[in-house]
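Going by the numbering used here, the first residue of the sequence shown is number 6, and it counts up by one from there.
Ideal Cβ positions, reconstructed from N, Cα and C, are used throughout, including at glycine.
In what follows, a single structure is set out as structure tokens and then discussed.
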Amino acid sequence: MRPSLRRCIQQIQRAPPAFVFDIDGVLIRGPTVIPAARRALAMCEGDNPFNRKLPYILLTNGGGVSEQQRSAKLTQQLGFKIEPEQYIQAHTILKTRVQQYRDAPVLVLGGKLDGLRQVAHEYGFKKIFNTLDVLAWNPAVWPFHQLNSAEKAATHPTNFTQTPISAVFVYHDPRNWALDIQVLCDVILSEGRIGGPHVPIDQQKSPVELIFCNPDLLWKSDFPVNRLGQGAFKAAFQGVFKALTGAEYPHVQVGKPSEATYEFAAKVLHQRIEQLDGPHAPSRRIYMVGDNPESDIAGANAAHWESILVRTGVFEAGTTPRHRPTHEVEDVEEAVQWAIHREL
Ligand code: G3P
Ligand code: MG
């Protein structure tokens, strides 16, 4: 067979790569866009040897606002249209829990004021409370914080001793760790009835389900040194709970690198591929580009994706990551160039 024909057949057989981009430490740092990000997305949007759009989604352990709001902000920051369907954040996966808890009182932790109540409501939950509501109901719950006028205006207090909480979702990073740990212990130890009698965990008939959405101990903001993430809040809560009861509280952990989050992301990416290339698109290699070996690389490797580690975020160049990537590069532009070259 003539080499040119073989190359042509190979080209037809080898589909272009698909990408999953982490955000903090890869595309942005705090409010600042990493310069390589725009050049990388320009290649994905068509400026590449395949002369076509390369499918991609964004997968972050961040959150705190609706997918619509954040994708609109990223569109403005990155200069390319990011559809809400291309954007998965730490708590997006909680949409899969609505059927189970739609009409049950749930407690949502994290985010600013009332923001996450709105997000949870948009997901479909109907009875959503936060720790400021609990403090508005009874200031004695935590006497070291007085609600300011903005906090008070955002509260929906109820009688929490008569309103048993069924589940607690830690959507995003809590702002008042002390208040949130106190209320979390109250809810769990009293089987959901804050202020009610404590019931030993092993004697509880319907223990409260606790779901954390982001395991990151550290993340890269625009501060020169890594910042504590939601994983640090979880460690603080479990430390207090173990001091109180002798054991940590059983919980569900989603977010990167959990299998549930990567399975969820794979479905979203395949929908994006079908949107761009139609229902019978050839299979292709998926490249995850991340800055945190513990979340991005670990999860991608476990999902049998290609993993590319960048040096613009949490990972310190020159160190040996516990989870080894397929490839290590300086930044996201180099990552996309390497993946494209590898698939040509
Ligand atoms: O809170 C966000 C931080 O935990 C990491 O975000 O985009 O690097 O997954 P990201
Ligand atoms: Mg990151």
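* At what residue ranges does the segment 245 to 284 contain a whole run of the alpha helix (DSSP H), taking only runs of 4 or more? -> Here the runs fully enclosed are 264 to 282.
* Output the residue ranges of the beta strand (DSSP E) runs that lie fully inside the segment 166 to 220 and measure 3 residues or longer, sorted by chain position. => If we require 3 residues or more, the beta strand (DSSP E) runs fully inside the segment 166 to 220 come out as 172 to 175 and 214 to 217.
* Straight-line Cα distance separating A45 from F134 -> If you number the sequence shown from 1, residue 134 lands on position 129. If you number the sequence shown from 1, residue 45 lands on position 40. When rounded, the distance between both Cα atoms is 41 Å.
* To do: Compute every distance between the C-beta of S300 and the non-hydrogen atoms of the ligand G3P, then say whether any falls below 7 Å.
  => The residue you call residue 300 lines up with position 295 of the sequence shown. Look at S300: its beta carbon is less than 7 Å from one of the heavy atoms in the ligand G3P.
* F85 versus E72 - alpha carbon distance -> As a position in the sequence shown, residue 85 is number 80, starting the count at 1. As a position in the sequence shown, residue 72 is number 67, starting the count at 1. Straight-line Cα distance between these residues: approximately 16 Å.
* To do: Using three-state DSSP, classify R34 as helix, strand or coil.
  => Indexing the sequence shown from 1 puts residue 34 at position 29. Reduced to three states, the DSSP call for R34 is strand.
* To do: Taking V188 and V146 to be in contact with their CB atoms under 8 Å, please state how far apart those CB atoms are, rounded to whole angstroms.
  => As a working note, residue 188 is residue 183 in the sequence shown. As a working note, residue 146 is residue 141 in the sequence shown. Between V146 and V188 the Cβ distance is about 7 Å, and since that is below 8 Å, they are a contact.
* **Exposure label - R198; buried when at least 16 CB within 10 Å** => Translated into positions along the sequence shown, residue 198 becomes position 193. It is buried - the Cβ of R198 has at least 16 other Cβ atoms within 10 Å.
* So L59 packs on F24, CB below 8 Å; how close in whole Å? -> Here residue 59 refers to the residue found at position 54 when the sequence shown is read from its first residue. Here residue 24 refers to the residue found at position 19 when the sequence shown is read from its first residue. Contact between L59 and F24 holds: CB atoms are separated by about 6 Å, below the 8 Å threshold.
* Are at least three pairs of beta-carbons, each pair with one atom in the segment 328 to 339 and one in the segment 307 to 320, less than 8 Å apart? -> At 8 Å Cβ cutoff, the stretches touch.
* Outcome for P179 when other beta-carbon atoms lying within 10 angstroms are tallied against a minimum of 16 -> Here residue 179 corresponds to residue number 174 of the sequence shown, with the count starting at 1. Classification for P179: buried.
* In terms of alpha-carbon separation, which member of P22, A20, I33 and P21 lies closest to D336? -> Working through the sequence shown from its first residue, we reach residue 336 at position 331. Out of P22, A20, I33 and P21, I33 has the C-alpha closest to the C-alpha of D336.
* To do: Report buried or exposed for R57, applying the criterion of at least 16 other Cβ atoms within 10 angstroms of its Cβ.
  => For this step, residue 57 is matched to residue 52 along the sequence shown. With fewer than 16 Cβ atoms within 10 Å of its Cβ, R57 is classed as exposed.
* Using the rule of at least 16 other Cβ atoms within 10 Å of the residue's Cβ for burial, across every protein chain shown, is N153 buried or exposed? -> Position 148 of the sequence shown, counted from the first residue, corresponds to residue 153. Residue burial annotation: N153 is exposed, with fewer than 16 other C-beta atoms found within 10 angstroms of its C-beta.
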